[in-house]
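Participant: Quick one: this structure, given as C-alpha cells, is what I'll be asking you about.
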Amino acid sequence: MTLRVLITNDDGIAAPGIQALARAAVDRGLDVVVAAPLEEASGTSAAMSAIEQDGQVVVREHPLAELDGVPAFGVGGSPGFIALIAVHGAFGPPPSVLLSGINRGANAGRAVLHSGTVGAAFTAAANGCRALAVSLDVLSAGEATAVSGGAAVAAAARVRDAERNWATAAHVALDLLPRLTAGPVESVLNVNSPDVPLGRLRGVRRAGLATFGQVQMTVAESGHGFVRTALEEPGQAVQPGTDLAWLADGYATVTAVRAVTEVADVNLSGLDGD
Numbered sequence: 007m008t009l010r011v012l013i014t015n016d017d018g019i020a021a022p023g024i025q026a027l028a029r030a031a032v033d034r035g036l037d038v039v040v041a042a043p044l045e046e047a048s049g050t051s052a053a054m055s056a057i058e059q060d061g062q063v064v065v066r067e068h069p070l071a072e073l074d075g076v077p078a079f080g081v082g083g084s085p086g087f088i089a090l091i092a093v094h095g096a097f098g099p100p101p102s103v104l105l106s107g108i109n110r111g112a113n114a115g116r117a118v119l120h121s122g123t124v125g126a127a128f129t130a131a132a133n134g135c136r137a138l139a140v141s142l143d144v145l146s147a148g149e150a151t152a153v154s155g156g157a158a159v160a161a162a163a164r165v166r167d168a169e170r171n172w173a174t175a176a177h178v179a180l181d182l183l184p185r186l187t188a189g190p191v192e193s194v195l196n197v198n199s200p201d202v203p204l205g206r207l208r209g210v211r212r213a214g215l216a217t218f219g220q221v222q223m224t225v226a227e228s229g230h231g232f233v234r235t236a237l238e239e240p241g242q243a244v245q246p247g248t249d250l251a252w253l254a255d256g257y258a259t260v261t262a263v264r265a266v267t268e269v270a271d272v273n274l275s276g277l278d279g280d
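The opening residue of the sequence shown carries number 7 in this note's numbering; numbering runs sequentially from there.
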C-alpha cells in the first residue's frame, strides 16, 4: 500500500523548499498532497490561527511547477492548524505521515519550540500522524553577527534560493522515513541539513539539542510605546554532539523529540486526592 504523505511548511506554499520536498517524495513513489500557508508563517510554533471569509477558512488550489497531478493548496492558516485539519480529512484521506519543510534556515537547539515547521510536526504527532520536520542550514557560522530587524538570514541572502541544496535535505529526510514509521507515533524526527551538494555531505548523525538556537532575540531598544528587537548569534561555543555542532562540521543531523509530555521528577506528593 502506497504511503500517503501530507507536506506542509511555515515558509509558505510558494517557497522553494516545499517544492523540492514534494518532488523528492513523488520520485520515491509516495502518495503526496501539499497544503501550506498562503503567506510566510515562521515562528508560529503550534499556533491554531486561521483566516476566515464568511465563516470559512480560506483554501486555494495552488499547483506546483513540474508536479502535475499533485494536489496542492494554499491555506489561510498556520502550519499547526493545517496539520490538524489535514489529519481530520480536510485534503482528502488523512495522511499516514506529515513532512514539514524544507525550512529556509536550521531549526536547531531548544529554539525548535518556536518553529512553525516543527510545530506542524508536533501537532500531527499529537493527533496520531507520524511526522518529520526538515530544515536547510542557510546561515553559516559567523555570518550573522548582530543582525537586526528580524532578518536573521539576511547575510545569507547573497545566495539565491534557487541555487541552494534543497535536494540534499530532501534526500536525508526521505531516507529517514523507515525509521520514522517504525518509531512511536508520539515522537517527531527533527532533521537539519547543511547547504551542500549531496556528494559533499559528510553523513548523518544522531544529535542532541543544543541549549540555544542558531540565533537568539534580544531587546535592542525600548522606549515610550515601543520595543525594538534584534537577532544575534548567542556568542557561546557549541556543545559537542549537539545539532549545531554536527551541522558546523558538515553533517546532517536528526533528533528524536516529543512535544507535551508529563514528567515524574517533580515532587507533587500528597496531591493525589487519596
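Virtual Cβ for every residue (Gly too), placed ideally from N, Cα, C.
In this text, all values refer to a predicted model and were calculated from it rather than measured experimentally.
Return helix, strand or coil for Val225, following the three-state DSSP convention.
Facilitator: Walking along the sequence shown from the start, residue 225 turns up at place 219. Looking at Val225 - three-state DSSP - the assignment turns out to be strand.
Participant: For the stretch 246–259 against the stretch 184–201, are there 3 or more C-beta pairs whose distance is under 8 Å?
Facilitator: Output reads yes: the stretch 184–201 touches the stretch 246–259.
Participant: In the DSSP assignment, what residue or residues form a beta bridge with Asp37?
Facilitator: For this step, residue 37 is matched to residue 31 along the sequence shown. In DSSP, Asp37 forms a bridge with Arg10.
Participant: Note down the Cα distance separating Val210 from Pro190, rounded to an integer number of angstroms.
Facilitator: Along the sequence shown, one-based indexing puts residue 210 at 204. Along the sequence shown, one-based indexing puts residue 190 at 184. Roughly 21 Å between the two C-alpha positions.
Participant: Helix, strand or coil for Ala47? Go by DSSP, reduced to three states.
Facilitator: By one-based count along the sequence shown, residue 47 stands at place 41. Coil, per DSSP.
Participant: Taking the beta carbon of Phe218 as the centre, do at least 16 other beta carbons fall within 10 Å, making it buried, or is it exposed?
Facilitator: Mapped onto the sequence shown, residue 218 falls at position 212. Phe218 should be labelled buried.
Participant: State buried or exposed for Ile19, treating a residue as buried only when at least 16 other CB atoms are found within 10 Å of its CB.
Facilitator: Within the sequence shown, numbered from 1, the residue matching residue 19 stands at position 13. Per the 10 Å Cβ criterion, buried.
Participant: Using the three-state DSSP reduction, which class does Phe218 fall into: helix, strand or coil?
Facilitator: What you label residue 218 is simply residue 212 of the sequence shown in a count that begins at 1. Looking at Phe218 - three-state DSSP - the assignment turns out to be coil, as it is neither helix nor strand.
Participant: What are the residues that DSSP puts in a beta bridge with Ser84?
Facilitator: If you number the sequence shown from 1, residue 84 lands on position 78. Note: Ser84 sits in no beta bridge, so no partner.
Participant: Ignoring anything shorter than 3 residues, give me the beta strand (DSSP E) runs that lie fully in the stretch 47–126, in order along the chain.
Facilitator: Counting only runs of 3 or more, we get 65–67, 78–81, 103–110.
Participant: So, at 8 Å on beta carbons, what are the nonlocal neighbours of Val32 in its own chain, with the 5 sequence-adjacent residues on each side left out?
Facilitator: Mapped onto the sequence shown, residue 32 falls at position 26. For Val32, where only same-chain residues beyond five positions count, the Cβ hits under 8 Å are Val38, Leu73, Val76.
Participant: By Cβ distance, which residues of its chain are closer than 6 Å to Val159, with the 5 residues on each side in sequence left out?
Facilitator: Within the sequence shown, numbered from 1, the residue matching residue 159 stands at position 153. Note that Val159 has pLDDT 45, beneath the 50 cutoff, so the model's placement of it is unreliable and the number below is only indicative. Once the five neighbours on either side are set aside, the close Cβ partners of Val159 are Gly111, Val144, Leu145.
Participant: Identify whether Leu274 lies in helix, strand or coil by the three-state DSSP scheme.
Facilitator: Taking the first residue of the sequence shown as position 1, residue 274 is located at position 268. In the structure shown, Leu274 sits in coil (DSSP, three-state: anything other than H, G, I, E or B).
Participant: How far does the beta strand (DSSP E) with Leu195 in it extend, from its first residue to its last?
Facilitator: As a first step, residue 195 must be located in the sequence shown, where it is residue number 189. It spans 193–200 - the beta strand (DSSP E) in which Leu195 sits, taken as one unbroken run.
Participant: In this structure, how does DSSP classify Arg206 when only helix, strand and coil are distinguished?
Facilitator: The sequence position of residue 206 within the sequence shown is 200, counting from 1. Looking at Arg206 - three-state DSSP - the assignment turns out to be helix.
Participant: Buried or exposed: which applies to Leu274, given that a residue is buried once 16 or more other Cβ atoms fall within 10 Å of its Cβ?
Facilitator: Position 268 of the sequence shown, counting from 1, holds the residue named residue 274. Leu274 comes out exposed.
Participant: Can you list, in chain order, the residues of its chain whose CB lies under 6 Å from that of Val64, leaving out five sequence neighbours each side?
Facilitator: For this step, residue 64 is matched to residue 58 along the sequence shown. Answer for Val64: Ile57, Gly82, listed in chain order.
Participant: Residues in its own chain within less than 8 Å of Gln245 by CB, not counting five upstream and five downstream?
Facilitator: Taking the sequence shown and counting its residues from 1, one reaches residue 245 at position 239. Once the five neighbours on either side are set aside, the close Cβ partners of Gln245 are Gly214, Ala216, Thr217, Ala251.
Participant: Does the stretch 21–32 come close enough to the stretch 101–108 that 3 or more CB-CB pairs lie under 8 Å?
Facilitator: Touching, yes, given that three or more Cβ pairs across the two stretches are closer than 8 Å.
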